[in-house]
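First residue of the sequence shown: 0, per numbering that gives the first Met the number 0; consecutive thereafter. Here's the structure, in structure tokens; my notes come after.
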Amino acid sequence: MDDMLFGTLLGLALEEDLDGVGDVTSRAIFADGDRNGAVLTSKDTGILCGIERFREVFRRVDPSVQVGVSASDGDRLRPGMEVARIEGPTRSILEAERTAINFLSFLSGIATAVDEYVRAARENGKAVILDTRKTLPGYRALSKYAVRVGGGSNHRMGLYDMVMIKDNHIDAAGGIAPAVERVRARWGRAYRVEVECRSLDEVRQAIEAGADVVMLDNMDVETARRSLELRIPGVSFEASGGISLETVGPWSALGVDYISVGRLTHSVRAFDFSLTIRREDKP
């Protein structure tokens, strides 16, 4: 995600919390000159992601706040590890705290989940873990960055960078062959073409039509195994639909090239962090 796009998203997030008024609790309790320090620690085990965005939140709220980090994106965290130290006006620290942690928890949660899937897939196979377009509106670039930090790869970023012929396209076009033919007539080889297949017969049709990637959509293992027997050079296979952390290993062992998992971005558990104020006693 570029800085301008994140800046817009950050502005909206801070507006939700501050609404042009600020933190009325902190402004009542602390004077302008009150300063303190704070320590951010991990309460979970997993992968850190979003530490520069965490720092940027404090910078936007108050450029005088200093954030020193002791870990980088991709580092493996454990409970009790110190991640960052913050120093500055007490009001500013408390105004930025929740928004900063929200971004960090969200992104680290995705990276951690992806890491778990990647390690499970590699136990018995070589399948690459992919994300999907099932992301929170406005958060896609951030989410897909977190997927890469966690060791996964990105599927298409949107509707503009790859052709994916799904069930509704197939049904509306009257079949896989005419759908692929129209795509090739319009775009030639400018885009990879993936076809979502619901049955063994559709897999055959997709391969015959010249698909680059065949998606095995919500297939049972036996149908998927028979589908992979139809593999020809130049055609990749992707498994998708209902694949959990418990089943990703067996699917990888089956021999698919890719496994796409929507839950990595649409319903991941937030990573738990704690930010604790360290009071600076005045002389």
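From the three backbone atoms N, C-alpha and C, an ideal C-beta is built for every residue, glycine too. The structure presented is a predicted model; accordingly, all values stated were derived computationally and were not measured.
Fill in: Check whether F272 and I92 have beta carbons under 8 angstroms apart
No.
ask   = Can you tell which of G187, V148 and V127 has its C-alpha closest to the C-alpha of V255?
value = For V255, the closest of G187, V148 and V127 by C-alpha to C-alpha distance is V127.
Q) In three-state terms, what does DSSP make of P282? A) Reliability fails at P282, whose pLDDT of 46 lies under 50, so the model's placement of it is uncertain and the value that follows must be treated cautiously. Coil, per DSSP.
Review point. Which partner residues of P136 appear in the DSSP bridge assignment?
Key: In the DSSP assignment, no residue is bridged to P136.
If you run the structure through DSSP and keep just helix, strand and coil, what is R155? DSSP, read as helix, strand or coil, puts R155 in coil.
Looking at S107 and L47, is the spacing between their C-beta atoms short of 8 angstroms? A contact, by the Cβ cut-off of 8 angstroms.
Proximity to V267 [Cα-Cα], best of R34, T89, R277 and T134:
Nearest neighbour of V267 by Cα position, chosen from R34, T89, R277 and T134, turns out to be T134.
Three-state secondary structure (DSSP) at I231? Collapsing the DSSP output to three states places I231 in coil.
Can you tell me which of R132, I242 and V64 puts its alpha carbon nearest to the alpha carbon of V117?
For V117, the nearest C-alpha among the options comes from I242.
From what residue to what residue does the alpha helix (DSSP H) around F5 run? That run of the alpha helix (DSSP H) goes D2 to L17.
Checklist entry - Going by other Cβ atoms of all chains shown within 10 Å of its Cβ, with 16 needed for buried, is W186 buried or exposed? => result By the C-beta density criterion, W186 is exposed, having fewer than 16 other C-beta atoms within 10 angstroms.
Practice prompt. Measure the alpha-carbon distance for D72 versus S226 and round it to whole angstroms.
Written response: Those two C-alpha atoms are separated by around 39 angstroms.
*Supposed contact pair G240 and N217 - C-beta distance, whole angstroms, cut 8 angstroms*: Contact holds; Cβ gap of about 4 angstroms.
Exercise. What does DSSP give as the partner residues of E193 in its beta bridges?
Worked result: Its beta-bridge partners are M163 and V212.
### Message
I'd like the list of long-range same chain contacts for D16, defined as Cβ closer than 7 angstroms, with 5 residues on each side in sequence excluded.
### Response
Only R97 and T98 meet the Cβ criterion.
Looking only at its chain, what residues have a beta carbon closer than 6 angstroms to the beta carbon of M80, apart from the 5 residues adjacent to it on each side? So the qualifying residues of the chain are S41.
Measure the C-alpha to C-alpha separation of T275 and A37 and round it to an integer number of angstroms.
Distance between the alpha carbons of T275 and A37: 5 angstroms.
First and last residue of the beta strand (DSSP E) that includes I128?
Secondary structure note for I128: its beta strand (DSSP E) is the uninterrupted segment V127 to L129.
Q.
If you follow the alpha helix (DSSP H) that G248 is in, where does it begin and where does it stop?
A. Start and end: V247 to L253.
What span of residues does the alpha helix (DSSP H) with A184 cover, start to end?
Per DSSP, A184 belongs to the alpha helix (DSSP H) from I175 to W186.
Note the first and the last residue of the continuous alpha helix (DSSP H) segment covering T89. Where T89 is concerned, the enclosing alpha helix (DSSP H) stretches over T89 to R121.
Item to complete: Can you say whether R54 is buried or exposed, counting buried as having 16 or more other CB atoms within 10 angstroms of its CB?
Response: R54 should be labelled buried.
Fill in: Near the ligand HEM: V213 beta-carbon under 7 angstroms from a heavy atom
Because no ligand of any kind appears in the structure shown, any question about the ligand HEM cannot be addressed here.
Exercise. What do you reckon, are the CB atoms on S104 and A208 nearer than 8 angstroms?
Worked result: It is not a contact, given that the beta carbons lie outside the stated cut-off.
key: Terminal residues of the alpha helix (DSSP H) in which I50 lies   = Element bounds for I50: I50 to V60.
Check your understanding: Quick one, are the C-beta atoms of P78 and T44 less than 8 angstroms apart?
Key -> For P78 and T44, yes; Cβs fall inside 8 angstroms.
Among the candidates I164, Y190 and L141, whose CA atom is the shortest distance from the CA of E51? With distances taken between Cα atoms, E51 lies closest to L141.
Notebook entry, point to check: How would you call E193, buried or exposed, if buried means at least 16 neighbouring beta carbons within 10 angstroms?
Noted result: Within 10 angstroms of the beta-carbon of E193 lie 16 or more other beta-carbons, which makes it buried.
* Is V260 helix, strand or coil when you go by DSSP? -> In the three-state reduction of the DSSP assignment, V260 falls in the coil class.
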